[in-house]
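Offset between the sequence shown (1-based) and this note's numbering: plus 95.
Think of the CB as a built atom: it goes at the ideal place given N, C-alpha and C, for glycine as much as any other residue.
For reference, the structure discussed in these notes is given below.
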Amino acid sequence: MRVEVSIDIDAPVDRVWGIITDIKNSAQHISAIEKIEVLKTPKSGLVDFKWKETRKLWGKEATEVMWITDVVDGESYRTRAESHGSIYQSGLSVSKHGDETQLTQFFEGEAVSLGAKVMNALTGWMLKGSLKKTIQKDLEDIKLAAENQD
């Protein structure tokens, strides 16, 4: 399953990039995130930055360990998480879009275990719409933070 959502933000690319890469403080910008615990900080750059994120997801508290796998500095990064028999990858990217910045997030999940494959077949189609709304809300929160930062 893959979901991708974009939003235009009336702020410079570098400001939006600064917000989305300030993961340790993301609970200040994204309303669904309750807590961030940094587990590993690389000596330089963002690759291998690892954290535990606790957020409200569909009315319940959910905690996942994630890490950054790839970065194109100033443009995009990808993350990975593994839990409940699945591999989850997501990414955020910024690009100049006219006078604004376009922020895009994708999320994809791959069921690996038999149990996860069965659950995905039964409920995956229902989760896609909810997941899209969740990502949209996160992007709206980032937009608000970027446009009100001066």
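Determine the DSSP secondary structure at residue 100, reduced to helix, strand or coil. strand
Tell me whether residue 165 sits in a helix, a strand or coil according to DSSP, three-state version. strand
Measuring CA to CA, which of 202, 144 and 102 is closest to residue 184? 202
Applying the 10 Å Cβ sphere with the 16-neighbour rule, what's the burial state of residue 252? Nothing can be reported for residue 252, as the shown portion of the chain is limited to 96 through 245.
Which same chain residues, not among the five before or five after residue 127, have their C-beta less than 6 Å away from its C-beta? 150 and 151
Please identify the residue among 159, 172, 148 and 192 whose C-alpha is closest to the C-alpha of residue 123. 148
Residue 154: buried (16+ other C-beta within 10 angstroms of its C-beta) or exposed? exposed
Looking at residue 234: is its Cβ nearer than 8 Å to the Cβ of residue 198? yes
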